[in-house]
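Remember, our numbering sits 239 above the position in the sequence shown when you count from 1. The C-beta atom is built at its ideal place from N, Cα and C for all residues, glycine as well. One structure is given below, encoded as structure tokens.
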Amino acid sequence: MEKEPKKILILGLDNCGKTSLIFSLMGKNLLSLLDELTPTKGTEMRKVKIKEDIYIILDFGGQETYRKNHLENLKHHLQGANKIMYLIDVQDIDRYELALEFLRNIIQIIKRENVSLKFSILLHKYDPQLEEKKNDLGEKIIKLIGSIQELIPSNINYTIQKSTIFTVFQNTTIY
Ligand SMILES: Nc1nc2c(ncn2[C@@H]2O[C@H](COP(=O)(O)OP(=O)(O)OP(=O)(O)O)[C@@H](O)[C@H]2O)c(=O)[nH]1
Ligand SMILES: [Mg+2]
240 MEKEPKKILI LGLDNCGKTS LIFSLMGKNL LSLLDELTPT KGTEMRKVKI KEDIYIILDF
300 GGQETYRKNH LENLKHHLQG ANKIMYLIDV QDIDRYELAL EFLRNIIQII KRENVSLKFS
360 ILLHKYDPQL EEKKNDLGEK IIKLIGSIQE LIPSNINYTI QKSTIFTVFQ NTTIY
């Protein structure tokens, strides 16, 4: 008997790497990926089979024109969802505040709807060379982590992970 599909919602600002991450999870190689990527229009649904599990992944285009609409519709999508992934582009320092603001709005809706689901915050584009460099960015990321922790109420279970598509997908829980 086929297993019940798992429903995953992926949100974040435009250009933060959501569609790339999904393609990379689907096993597409990076070269084909670079050709295919254009900003996601509205919301795209992808069905992915990994071993015996089927995932329904909702990819919410992050451009400003769509974000308000996503917030309005989110409560419907939360029904039956198993997991939310929220991506922040760690290399896009100038938009950390904006990324936190969008996250804040999403958290409010989750609180209001009182749903229980897994919640992962992904610090994305945490490429291997960033690990090696000890620079300003490291401090900015630590501050960003602090802001995320302040924003999320303690009764919501979440993890903060770093991720990149520039290795075979790497995803390490750090908090
Ligand atoms: N350095 C780096 N770049 C990445 C990574 N993941 C994705 N990118 C790049 O980020 C850019 C945007 O990727 P998309 O996957 O289209 O971003 P998106 O979040 O789906 O954007 P919207 O569809 O507009 O919401 C592309 O040029 C990708 O190659 C990563 O791990 N590291
Ligand atoms: Mg996209």
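**Message:** For a test of the three-state rule: what should DSSP assign to Phe405, helix, strand or coil?
**Reply:** In the structure shown, Phe405 sits in coil (DSSP, three-state: anything other than H, G, I, E or B).
**Message:** If I follow the unbroken alpha helix (DSSP H) through Ser259, where does it start and stop?
**Reply:** Lys257 to Leu264 is the span of the alpha helix (DSSP H), which, as asked, contains Ser259.
**Message:** Please list the terminal residues of the continuous alpha helix (DSSP H) segment that includes Arg343.
**Reply:** In the DSSP assignment, Arg343 falls within the alpha helix (DSSP H) that extends over Tyr335 to Glu352.
**Message:** So, does the region 365–384 touch the region 274–289, judging by three or more C-beta pairs under 8 Å?
**Reply:** With fewer than three CB-CB distances shorter than 8 Å, the region 365–384 does not count as touching the region 274–289.
**Request:** Please go through the region 276–335 and give each complete beta strand (DSSP E) segment of 3 or more residues, from N-terminal end onward.
**Result:** Segments of the beta strand (DSSP E) lying fully in the region 276–335: 282–289, 292–299 and 322–328.
**Message:** Which residue wins for smallest C-alpha separation from Ile384, given the options Thr403, Ser359 and Phe405?
**Reply:** Nearest of Thr403, Ser359 and Phe405 to Ile384, Cα basis: Ser359.
**Request:** May I have the straight-line CA-CA distance separating Leu317 from Ser355, to the nearest angstrom?
**Result:** If I take the Cα positions, the gap works out to 9 Å.
**Prompt:** Among Asn344, His315, Leu313 and Glu243, which residue has its Cα nearest to the Cα of Glu291?
**Reply:** Restricting attention to Asn344, His315, Leu313 and Glu243, the CA atom closest to the CA of Glu291 is found in Glu243.
**Asked** Does the pairing of the region 251–258 with the region 317–336 give three or more beta-carbon distances under 8 Å?
**Response** Counting Cβ pairs under 8 Å, three or more are found: they touch.
**Request:** Below 7 Å CB to CB, which residues in the same chain sit around Ile399 once its five sequence neighbours on both sides are set aside?
**Result:** Excluding positions up to five away in sequence, the list reads Ile360, Leu362, Ile384, Ile387, Ile413 and Tyr414.
**Request:** Please look up how many angstroms separate the CB atoms of Lys307 and Ile247, rounded, as I've assumed it's under 8 Å.
**Result:** Contact between Lys307 and Ile247 does not hold, since the beta-carbon distance rounds to 22 Å and is not under 8 Å.
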